[in-house]
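Colleague: Each residue of the sequence shown is one higher than the last, beginning at 2 in the numbering used here.
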Amino acid sequence: MSSPRFTQPRLFLSYARADKADALRLVDALTAQRCRVWLDQNEILVGDDFVHGITQQLAACDGFVCLLTEQSAESSWCQAELQQAIALKIPVIVIQRDPEARFPDALERQLRDTQRVQLST
């Protein structure tokens, strides 16, 4: 009898450009755990429709990983990606680098039941 084949979860990683180094470390850690991680800088080419690409990739992912920092909490792009993931009912994982970082109140209320994991070095 053969063992069941499990597919690798496809995760969308949302982060602020200022946090690129931490985002790349997170990609490496998730990839080591057999996850496929979608990262904008690797997947969207110059001249591509950025908004359409993000929308398409969000709809195709199994989970949404948010690297929460002071910069991402203030980023309208990160907020929009998170809102879209919530609207699509995609499971959200918050990796909190900055302990004091918080999204605007409306988003925080939507994340009230979401467990946060502290990013370690």
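Cβ coordinates follow ideal geometry from the N, Cα and C atoms, glycine included.
1. Quick one: residues in its chain with C-beta nearer than 7 Å to the C-beta of Asp-106, no 5 flanking neighbours on either side, listed in chain order?
2. Do you know how far the Cα of Arg-113 is from the Cα of Gln-119?
3. Assuming Gly-64 contacts Pro-10 under a Cβ cut-off of 8 Å, what Cβ separation, rounded to an integer in Å, is found between them?
4. Using a Cβ-Cβ cutoff of less than 8 Å, which residues in the same chain neighbour Val-28 once the five nearest sequence positions on both sides are dropped?
5. Helix, strand or coil, according to DSSP, for Gln-116 in the structure here?
Modeller: Reading from the atomic positions:
1. none
2. 16 Å
3. 6 Å
4. Leu-14, Val-38, Leu-40
5. coil
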